[in-house]
Structures are given as C-alpha cells and as structure tokens.
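To start, the structure itself, in structure tokens.
Put into structure tokens, the structure is as follows:
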C-alpha cells in the first residue's frame, strides 16, 4: 500500500513538473510572438535629441502603434552628438533589429552608420530629418520645412518694409537649413531689403540660444526680427530680448507650433510659428514602418504640410497640445 502511494506521489510530481515546463515554454513562446502570432519585431529608434517636446510626441505615438501590434520599440537619445548616434545605430545593428528609425543629428555624418545598416540588410526610415544620401533609406517622412520658412517670410513682409534680422540656425540639420533657406529665398525673391545681424548656431536648443543672443545684445540692440529654426531656439531668444526690455519691439518667428510658442502668440509676445503636425508625422512613419516589414515598396519621400499660427488665427488652435 505504501509502495502504491509513493508511485502516485511520483506520478503527481511528474505531472506538475510537465505542466510547469509546458507553461514556461508557452510563456517563452508567447513573449516572442506579436499580435499576429508572428515572430515579435524589434524596432530601433534614434533621435537627435529628446530635449525637445516635439520628438517626445513623435516617439510616443510611434511606440504606441508598435506596442498595439505586440512588437517592441527601443528609443535612444543621441544628445546632439553625431558620433554617439552612429554608435547607437551600430549597436542596434549588432542587436539585429528589424527596422531602424533615424532622426539624424548630422545629415552627412550619419551616412557611414546607414551604410552599415544597409550592409546588414536592415531597412531604415528617416524621420523628420532628411539624410544626404537618400538611397541609404527606404523612405523619408518630413514636414514641409522649406514652406515653413516661406510662410514666416510672407507674414513678415506684411508687417515691415525692411529689417535687421537675427537668425538662429542648425547647419548640420537639413530640416533646419531648409526653413532658414525658405525664409531668405522668399525675402530675396520679393526684393525685401534686410540686413543679417548674426547667424547663431544654437543646435535648436533654448539653453544654447539664450546666452548667444545675450552676447549679441551686448554689442547691439538694433534688431527688428528674429527667425528661429524651431520654437525652443526662438523662446531662448525671447528670454534674452525680454531681459533687455526689447521683446515688444522685435518680431519673433519660428517653426514647430509647440504649446509654449502658441501661448506666447496668444499673449502677443511672439509673432508667429509655422506649425508642424507631429502626430501626423508619427502616424505616417508607423504606417510605412509596417509596410516595410511586410516587404512592400513605399514612397521615397512623404512631406507633411505646415500651417502658420499667428495672433490673428491663434483662437483656432489648442494652446495646451500639439496639432
């Protein structure tokens, strides 16, 4: 009787072990499957900086789509360091990600890393910033950056006949360069007379722009217009101008449509911002991402329109969120 009981105990123990092993195997298997029952995909994303709310919005929207499909997205902040970004891309390549999303710090310096991704057979999407050799990416999603500058310049010409302009720039970023070029080309094409006070390389950062503008103001207060490559840089310039009691006399333009900039426009402290649509940029990117994963051919370049937000139409926009 005792022997039979021992056998039953052993059998029960074996059954429990098999159940546990089976559940563990099922759990392991399910962790590597997405919602479609396919092998879980891993997406690597690198942004020039996460010290800009715009990129946070873009990243979170794409990540939400990826998660909804049961896949994984890992994000890296390149902190405006082109060499760091190349290392981050290389690390993703070594991890064997299925797709790379790249928001380039430097549209030329990133080429070597993109070539490595190509050599490894990993498709790349350029997000919100073009790369110099677009043959290295499957597709590019950007705002209409050139037109953003055009819209700002056209508004300026309705308010002044000439002016002395302070530019805030980021030479290594194609999107930023296009905005400034669109602005200048529009003024030049119309024969609008202007003088460049300075072109300050601020990397699109408020904390860099503000002290640079403060230095300029030590030399001259003869500034009529500020054209910033984005809202953070323009807000930095505004802080410097405000401290010098000059803000009310200077027209300030920029690009983004961030809540902070819209609030400044509403309060009649900022002139205008050419608004981007980060949720749309992210949605399009996510759609293209999965088309690439499915082996489909995609558009080489998708351009998202921009809109100028001014003191005249600010009531049409939500001050607390993005477009």
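Residue numbers (this note's numbering): 4 to 326.
We put the CB at the ideal spot given by N, CA and C, even for glycine.
On a predicted model such as this, the values are computed, not experimentally measured, just so you know.
Quick check: what's the CA-CA separation for residue i versus residue j?
| i | j | result |
| --- | --- | --- |
| residue 314 | residue 46 | 41 Å |
| residue 214 | residue 243 | 7 Å |
| residue 141 | residue 125 | 10 Å |
| residue 326 | residue 282 | 7 Å |
| residue 163 | residue 156 | 10 Å |
| residue 1 | residue 179 | In the structure displayed, the chain extends from 4 to 326; residue 1 sits before or after that span and is not available. |
| residue 123 | residue 166 | 52 Å |
| residue 217 | residue 236 | 13 Å |
| residue 176 | residue 109 | 6 Å |
| residue 187 | residue 208 | 21 Å |
| residue 221 | residue 100 | 50 Å |
| residue 285 | residue 309 | 15 Å |
| residue 196 | residue 83 | 34 Å |
Could you check if residue i is buried or exposed, using at least 16 other CB atoms within 10 Å of its CB as the buried criterion?
| i | result |
| --- | --- |
| residue 312 | buried |
| residue 321 | exposed |
| residue 300 | exposed |
| residue 161 | exposed |
| residue 194 | exposed |
| residue 231 | buried |
| residue 239 | buried |
| residue 29 | Residue confidence is low: residue 29 scores 47 on pLDDT, short of 50, so the model does not pin down where it sits. Its coordinate-derived value is still stated next. That one is exposed. |
| residue 260 | buried |
| residue 118 | exposed |
| residue 265 | buried |
| residue 185 | buried |
Under 6 Å Cβ to Cβ from residue i, same chain only, skipping five residues before and after it: list those, please.
| i | result |
| --- | --- |
| residue 258 | 151, 182, 233, 277 |
| residue 107 | 113, 132, 134 |
Spatial neighbours of residue i within its chain, please: CB distance less than 8 Å, with the 5 preceding and 5 following residues excluded, ordered by chain position.
| i | result |
| --- | --- |
| residue 158 | 256, 274, 275, 311, 313 |
| residue 288 | 61, 65, 104, 128, 130, 144 |
| residue 201 | 169, 170, 219 |
Going along the chain, which residues of its own chain have a beta-carbon closer than 7 Å to the beta-carbon of residue i, five neighbours each way excluded?
| i | result |
| --- | --- |
| residue 206 | 83, 173 |
Whole beta strand (DSSP E) elements within the stretch 60-135, 3-residue minimum: Counting only runs of at least 3 residues, the stretch 60-135 fully encloses the following beta strand (DSSP E) elements, listed from N- to C-terminal order: 75-80, 102-105, 127-130.
The stretch 247-265 contacting the stretch 220-230, beta-carbon criterion three pairs below 8 Å: Contact holds: three or more Cβ-Cβ distances are below 8 Å.
Stretch pair the stretch 78-89 + the stretch 127-138: three plus CB contacts closer than 8 Å: Contact between the stretch 78-89 and the stretch 127-138 is absent, because fewer than three Cβ pairs lie under 8 Å.
Every unbroken beta strand (DSSP E) within the stretch 251-323, with a cutoff of 3 residues, ordered by chain: Runs found: 254-259, 275-278, 304-307, 310-313.
Those runs of the beta strand (DSSP E) which lie wholly inside the stretch 126-182 and span at least 3 residues: Entirely contained in the stretch 126-182, the beta strand (DSSP E) runs reaching 3 residues are, in chain order, 127-130, 142-146, 165-172.
4-residue-minimum alpha helix (DSSP H) runs that sit fully inside the stretch 203-234, ordered along the chain: Under the rule that a run must span 4 or more residues, the alpha helix (DSSP H) segments found entirely inside the stretch 203-234 read 209-222.
Sufficient close CB pairs (3 or more, under 8 Å) joining the stretch 259-277 to the stretch 290-304: As far as the Cβ criterion goes, the stretch 259-277 does not touch the stretch 290-304, which means the pair count is below three.
Stretch-stretch touch, CB-based, cutoff 8 Å, three pairs: the stretch 60-69 with the stretch 90-100: Contact fails: fewer than three Cβ-Cβ distances are below 8 Å.
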